[in-house]
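First residue of the sequence shown: 12, per the numbering used here; consecutive thereafter.
Idealized CB from N, CA, C, for every residue including glycine.
Every value quoted in this text rests on a predicted model; they were computed, and no experiment measured them.
Contents: one structure, followed by commentary.
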Amino acid sequence: MQRAGFAFGIMAGTALALSGCEPPPSDAAVAFAANLPLKRGPSEPLPSPDTEGAVWSANAKTGRLVYGIAGKPVLVSLECLAPGTPEARLRITRHAPADQGAGALLAVIGNRYIGRIPVDARQIGGQRLWQGEAPADIQGWNALVGLREVTVTVPGAGLVKLNPSPLPGQLVESCRKPSPPADQA
Numbered sequence: 012m013q014r015a016g017f018a019f020g021i022m023a024g025t026a027l028a029l030s031g032c033e034p035p036p037s038d039a040a041v042a043f044a045a046n047l048p049l050k051r052g053p054s055e056p057l058p059s060p061d062t063e064g065a066v067w068s069a070n071a072k073t074g075r076l077v078y079g080i081a082g083k084p085v086l087v088s089l090e091c092l093a094p095g096t097p098e099a100r101l102r103i104t105r106h107a108p109a110d111q112g113a114g115a116l117l118a119v120i121g122n123r124y125i126g127r128i129p130v131d132a133r134q135i136g137g138q139r140l141w142q143g144e145a146p147a148d149i150q151g152w153n154a155l156v157g158l159r160e161v162t163v164t165v166p167g168a169g170l171v172k173l174n175p176s177p178l179p180g181q182l183v184e185s186c187r188k189p190s191p192p193a194d195q196a
């Protein structure tokens with residue numbers, strides 16, 4: 012029995028001695044962490060652009076509209092993809108800087124409808140802009156059909172007032188409209 016007590020004493024003493032081999036806690040880890048670069052958060056929010064005098068206009072590319080003030084950068088563009096087919100989609104682009112890897116919901120509000128379109132930061136013509144697409148037949152696009160003011164907003168990219176125009180509604184409707192059969196075309 013005395014041997015067991017002696018062995019236990021040696022083991023306990025060794026464990027205590029080994030635990031004393033580690034350095035005491037210090038502020039070095041905190042100082043190291045303080046010198047690490049900070050993770051960058053999202054960019055500063057953009058102000059809402061002035062849209063007085065902004066209009067929708069047809070682009071040289073059929074099935075695409077751009078919105079803005081003549082002589083200034085485009086604010087919003089709308090394009091029909093695969094028109095007249097069951098796969099018809101509308102693509103909307105908010106021409107405002109977007110952070111790499113960012114995603115959001117673009118809200119289209121007007122004419123008694125609210126559309127929420129998923130958008131991502133996409134590289135377009137050397138710029139990273141907000142762009143997304145959704146089936147042409149979703150009700151959210153109805154916000155563009157009518158002659159009331161519409162707003163488009165992406166968190167951090169400002170609110171764009173779309174002045175009343177029949178053009179976006181016409182694009183939405185023509186994108187949804189089935190193509191005539193080949194023998195009638």
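For the set L170, A99, A69, A71, the Cα lying nearest the Cα of L116 is the one of L170. In this structure R105 is not in contact with A118, their Cβ atoms being roughly 11 Å apart against a cut-off of 8 Å. Shown here for W152: same chain residues with a beta carbon closer than 7 Å to its own, the five before and five after excluded, namely L101, G126, V183 in chain order. In the three-state reduction of the DSSP assignment, L101 falls in the strand class, which pools E and B. In the DSSP assignment, S185 falls within the unbroken alpha helix (DSSP H) covering 178-187.
In this model, L57 and P166 are separated by some 9 Å (Cα to Cα). Between the region 173-191 and the region 135-152 there are three or more inter-stretch CB-CB distances shorter than 8 Å, so the stretches are counted as touching.
In the structure shown, L158 falls within a coil segment according to DSSP collapsed to helix, strand and coil. As DSSP reads the structure, V130 sits in a beta bridge with A115.
In terms of Cβ geometry, S176 and V66 form a close pair [threshold 8 Å]. DSSP lists Y124 as the bridge partner or partners of G121. The three-state secondary structure of G143, taken from DSSP, is strand.
For G151, the secondary structure class from DSSP, reduced to helix, strand or coil, is helix. Straight through space, the alpha carbons of G95 and Q111 are spaced by roughly 34 Å.
V66: member of the beta strand (DSSP E) spanning 66-69, first to last residue.
Proximity to Q142 across T73, L89, G121 peaks at L89, based on C-alpha coordinates. Following the DSSP letters along the chain, one finds R51 in no beta strand (DSSP E), marked with neither H nor E. Collapsing the DSSP output to three states places S59 in coil.
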